[in-house]
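Chemist: Below: one structure in structure tokens.
Chains as they are written, first to last, in our numbering: chain F, 1 to 825; chain Y, 1001 to 1087.
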């Protein structure tokens, strides 16, 4: 339909106003729906066109058409000769009466009538007001530190001006009600010497201005203009009140503690990304569209997506997502990553700052970019962007910061991140990690959990092993039992494979591969088990018990010999279920064996004896100190030993530092060391050497023994005296944090189990109630596997792992109970 | 009365949430003998492995002390000898 008809000299046709209104109102009520508002005149609904074209009263000539957008919709009005106008909600209708008078009325779909007020305008105004308010809120959030103060000052100044301006008006009123007056400034204008100096200065400055200004005396407000004083009128009183409120606002801001830094992540984890790419990438980088396009094309000429499409995505503002924390423990950065992981159009890139690394937290500075797949900002680039942002927030941008970011996106300066940081699957390009996988990376700091690889060749751990054949395994009841346990715990479908294997059912190719892998794994674990069984001796258990009071109490129930026997008996069964424990014990025993066999260890006895003789001390001190006859004696000894070792360790370190200058010590200690060496070379050096030797031997005699108490205290002292921060360990760092983290996982598993039972359906549509036990068991395999493979975070220490063990037992019980529920008919 | 593992677990969780590590450990240690043998052995092995690892860490610290001490003593002796020769 042509929307523009031929323009003819208009011949006015007048109809009575009331008649026209009535006809239009009727037709519009029946035909015009707000949902039909077209996006453009060309998109006018077909029925409109039909109505117009088929209207016998009209000739189809367009008299007037109007079109404008409002909010998400649009308003379209057209007037045709001889026909009622098609007016959408809020349309303005001009009508001209016989005598030439014009009337403009608005159509309101809500009540199906014309009126003098424009309902759409009200909506638009409200929308605009909302937009302004939102923009203002955002601006406020970025100017919390400096902006607030500046605005408040400006407000005070503006209101002061306004107040002064009002006061110069001609309308002078009579008396003023005392309730409207400034009660805090009830000082006479001429008593400024009694006011605080700051207030007096302000008043003086204000009075020095030309023109009228307000003054208070008692409860009354006056306007002073030169030598003339008059009573303030109502407007001036209102303006004065406004000024006082503005002042109070300023005072409250000035008195509030100054906020340091920029709060970015805490309020909403999505904000940093919006801030980073505040307007678009061009602004962030300082590059022009053409330049950025050229660079991207050069860089990604072989990618599927053209640079123009990448740029379009890049320039688009990042949408704010509705986000909630999944748990109280979730940090903002984790929350952000989880949200970001759900988005399809972004790869996640992050970096650690020194501060967050030190705290062992995930990075708070997270940047995302679709345009740079597989690439990341360098630390320098990120720093430059941050400096620029901070500059903006403070109202200025340093020229140097501009220049630093000008090449922030130079592809030549990109460096790839380690795969553990870049959340893109290493083995499957294009596959992004799920939020659970990302969470797992953050929890454990480990590489991404992969699908099991059942290959045998190329595995170091299988090197030199001679696994039993399946026939050999099945011939022995014991092997059958342990091998079955291993298969069950190996992968989610382990129970089913075990059943098929022992019942001689046919296996799939994949199952045969797993079975073959399991034979090697079984041989490996049996080898470990034998090594550990031969290593566990009663003396080790006694040593361990002396290190850990809880363990001591447990060993006390059976004695060390019996405990060793229990361990040897159970380690085979537990090892088949829990490879982690076998690995730990094997590594620890190997390390201990190595430590105990070093030359230093063996040569030490003789060396220290010589030192003791030289320094005039003897080894009997140790025996005298260390009494272990009863529990009380042991506790007292421990305290005494702790104090002595602590004291001696400090002196020992000082001597070692000063003499050997251990390289990891701080520079000031090196200076002290140099000073001491000079002293040693000077007068009285022999005595100092003797003294130092004495300190050394005093400490070293404790290292002669293999007493676990001593070893533990030396370990503690060594950790306490370490200058460098210990390496960041993965997992929760406090007991409480570990507990809570663990708890979350347990809760999640419980919820998963419940949800599974509620929602799971077989392919034929049967729900849990109608599934048989085998089907139920099989459907639960993935969940069972999740706790069997230590995939939930256990935190550190035996207690957390013990809780997990208990939880596994409870989970198995619950699982059995659910599986054995009666099957519905 | 037989130990209810569910109850024990709930109490341990409660203590853990309250951050009472010592109490939780003590409760578990006291209840250990009432747990099924396999579970008991598993927990005891965890304790043992932790203590053994601590022992290895301590041994490492001890070896460092020994090595540093020997080196320092040797240097001191050398200083002393030189000083005596100079005198």
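Virtual Cβ for every residue (Gly too), placed ideally from N, Cα, C.
Can you check DSSP and say which residues form a bridge with residue 767/F?
Modeler: According to DSSP, which records beta bridges pairwise, residue 767/F is partnered with 761/F.
Chemist: Three-state secondary structure (DSSP) at residue 821/F?
Modeler: Reduced to three states, the DSSP call for residue 821/F is coil.
Chemist: Using a Cβ cut-off of 9 Å, pull out every chain Y residue sitting near residue 534/F, in sequence order please.
Modeler: Under the 9 Å cutoff, chain Y gives no residues; its nearest Cβ is about 15 Å from residue 534/F.
Chemist: Count the other CB atoms within 10 Å of the CB of residue 708/F; is the residue buried (16 or more) or exposed (fewer)?
Modeler: Classification for residue 708/F: buried.
Chemist: Check residue 225/F in the structure and name its three-state DSSP category.
Modeler: Note: residue 225/F maps to strand in three-state DSSP.
Chemist: Which one of 781/F, 510/F, 799/F has the shortest CA to CA distance from residue 488/F?
Modeler: The residue with the shortest Cα to Cα distance from residue 488/F is 781/F.
Chemist: If you draw a straight line from the C-alpha of residue 807/F to the C-alpha of residue 459/F, how long is it?
Modeler: About 33 Å.
Chemist: What's the C-alpha gap between residue 564/F and residue 537/F?
Modeler: Going from the Cα of residue 564/F to the Cα of residue 537/F covers about 6 Å.
Chemist: Counting only Cβ-Cβ distances shorter than 9 Å, please list the residues of the stretch 1054 to 1070 of chain Y near chain F, keeping chain order.
Modeler: The stretch 1054 to 1070 of chain Y vs chain F, Cβ under 9 Å: 1054, 1055, 1056, 1057, 1058, 1059, 1060, 1061, 1062, 1063, 1064, 1065, 1066, 1067, 1068, 1069, 1070.
Chemist: Identify which residue in 454/F, 483/F, 771/F has its Cα closest to the Cα of residue 499/F.
Modeler: The shortest C-alpha separation from residue 499/F is found at 483/F.
Chemist: Taking the Cβ atom as the reference point for each residue, do residue 833/F and residue 1025/Y lie within a distance shorter than 7 Å?
Modeler: The structure shown does not extend to residue 833/F, since chain F is modelled only from 1 to 825, so the question has no answer here.
Chemist: Could you please give me the residues that DSSP links to residue 847/F through a beta bridge?
Modeler: For residue 847/F there is no data in the structure shown, the boundaries of chain F being 1 and 825.
Chemist: My output table needs one value for residue 1077/Y: the three-state DSSP class, helix, strand or coil.
Modeler: Three-state result, residue 1077/Y: helix.
Chemist: With a cut-off of 7 Å, does the C-beta of residue 1076/Y fall near any C-beta of chain F?
Modeler: Yes, contact with chain F.
Chemist: Quick one: does the C-beta of residue 567/F sit closer than 6 Å to a heavy atom of the ligand FAD?
Modeler: For the structure depicted, the ligand FAD is absent and the ligand set is empty, with no information on it obtainable.
Chemist: At least one CB of chain Y closer than 7 Å to the CB of residue 647/F: is that the case?
Modeler: No, residue 647/F lies away from the interface with chain Y (no Cβ there is under 7 Å from its Cβ).
Chemist: Restricting to Cα atoms, I'd like to know which of 585/F, 779/F, 477/F, 137/F is closest to residue 1046/Y.
Modeler: It is 585/F.
Chemist: So, at 7 Å on beta carbons, what are the nonlocal neighbours of residue 496/F in its own chain, with the 5 sequence-adjacent residues on each side left out?
Modeler: Answer for residue 496/F: 778, listed in chain order.
Chemist: Keeping to the same chain, check which residues put their C-beta closer than 7 Å to that of residue 177/F; ignore five residues upstream and five downstream.
Modeler: For residue 177/F, the predicted structure reports a pLDDT of 31, less than 50, and the residue's modelled location is therefore unreliable. A value from the coordinates is still provided. Correct list: empty, nothing qualifies.
Chemist: What is the rounded straight-line gap between the Cα of residue 526/F and the Cα of residue 613/F?
Modeler: C-alpha separation (whole angstroms): 50 Å.
Chemist: Name, going along the chain, the residues of the stretch 1022 to 1045 of chain Y whose beta-carbon falls closer than 9 Å to a beta-carbon of chain F.
Modeler: If the cut-off is 9 Å between Cβ atoms, the stretch 1022 to 1045 of chain Y has 1024, 1025, 1026, 1028, 1029, 1030, 1032, 1033, 1035, 1036, 1037, 1038, 1039, 1040, 1041, 1042, 1043, 1044, 1045 near chain F.
Chemist: Is the beta carbon of residue 555/F closer than 7 Å to that of residue 1032/Y?
Modeler: Their beta carbons are not under 7 Å apart, which means residue 1032/Y does not touch residue 555/F by this criterion.
Chemist: Can we say the stretch 810 to 817 of chain F touches the stretch 1014 to 1030 of chain Y, given the rule of at least three CB pairs closer than 8 Å?
Modeler: The stretch 810 to 817 of chain F is not in contact with the stretch 1014 to 1030 of chain Y.
Chemist: Within 7 Å of any Cβ in chain Y, is that where the Cβ of residue 703/F sits?
Modeler: Yes, contact with chain Y.
Chemist: Secondary structure at residue 454/F, three-state DSSP: helix, strand or coil?
Modeler: Here residue 454/F sits in coil by DSSP.
Chemist: Applying a beta-carbon distance threshold of less than 7 Å, which residues of chain F neighbour residue 1003/Y?
Modeler: Chain F residues near residue 1003/Y: none, gap ~11 Å exceeds 7 Å.
Chemist: Residues of chain Y with CB closer than 8 Å to the CB of residue 750/F, please, in chain order.
Modeler: Under the 8 Å cutoff, chain Y gives no residues; its nearest Cβ is about 12 Å from residue 750/F.
Chemist: Is residue 656/F near residue 1072/Y, with beta carbons less than 7 Å apart?
Modeler: Closer than 7 Å, so yes.
Chemist: Can you look up residue 776/F in the DSSP assignment and give me helix, strand or coil?
Modeler: Correct three-state label for residue 776/F: helix.
Chemist: For residue 543/F, return the contacting residues in chain Y, with the cut-off set at a CB-CB distance below 9 Å.
Modeler: The contacting residues are 1051, 1052, 1055.
Chemist: Comparing the C-beta of residue 485/F with each C-beta of chain C, is any distance below 7 Å?
Modeler: Included in the structure are the protein chains F and Y, with no chain C among them.
Chemist: Check whether the Cβ of residue 1010/Y lies closer than 7 Å to any Cβ atom in chain F.
Modeler: Not closer than 7 Å to any Cβ of chain F, the Cβ of residue 1010/Y fails to qualify, so no.
Chemist: Quick one: is residue 551/F near chain Y, going by C-beta distance under 7 Å?
Modeler: Yes, because at least one Cβ of chain Y sits closer than 7 Å to the Cβ of residue 551/F.
Chemist: Is residue 529/F close to chain Y, meaning its C-beta is less than 7 Å from at least one C-beta of that chain?
Modeler: Closer than 7 Å: no.
Chemist: Am I right that residue 652/F and residue 1069/Y are in contact with their C-beta atoms under 8 Å? What's the rounded C-beta distance?
Modeler: Indeed, because the Cβ distance is near 7 Å, the residues count as touching under 8 Å.
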